[in-house]
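What follows is a set of notes on a single structure, which appears directly below.
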Amino acid sequence: VSADFQSIQSPGPLEIPGPRDKAVKEYGEWQVSNVTDDTLKAAFREICDMMIDNGLDLEQVYKDQDPEFFIGRGIKIGIARRFVEDIRRWVENMKKAIPTYNII
1 VSADFQSIQS
11 PGPLEIPGPR
21 DKAVKEYGEW
31 QVSNVTDDTL
41 KAAFREICDM
51 MIDNGLDLEQ
61 VYKDQDPEFF
71 IGRGIKIGIA
81 RRFVEDIRRW
91 VENMKKAIPT
101 YNII
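In terms of full-length UniProt numbering, the sequence shown is residues 1 to 104.
Here is the structure:
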């Protein structure tokens, strides 16, 4: 496989600010806030616990783009796909929400 093909397939770095485990929890709660069903809420929280238990952070999960890791551990396919696919959107929204201060 050529380097050009790999660079097209690999998502770029996200540069998520702050502690990695905290970002996992905040992202999970954002996912929870986007559903009303308690079973779905629990599934998103379970993914977060699974990530922390396995030492994974959002950057790693985003880079891998592999919902099968979670599906193979009992997470519903739609929840796993949504969790993996929405990471960049969440990070971009978080960066927009963080104020930028100019030093004069």
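Positions of the beta carbon are idealized from the N, C-alpha and C atoms, including for glycine.
- Pairing Arg73 with Asp57, the inter-Cα distance amounts to about 17 Å.
- Here the alpha carbon of Arg82 sits roughly 18 Å from the alpha carbon of Ile52.
- The residue from Gln31, Lys95, Arg20 with its alpha-carbon nearest to that of Glu85 is Gln31.
- The beta carbon of Ile87 sits closer than 6 Å to those of Leu58, Tyr62, all from its chain and outside the five residues before and after it, given in chain order.
- Between Phe44 and Ile16, the CB-CB gap reaches or exceeds 8 Å.
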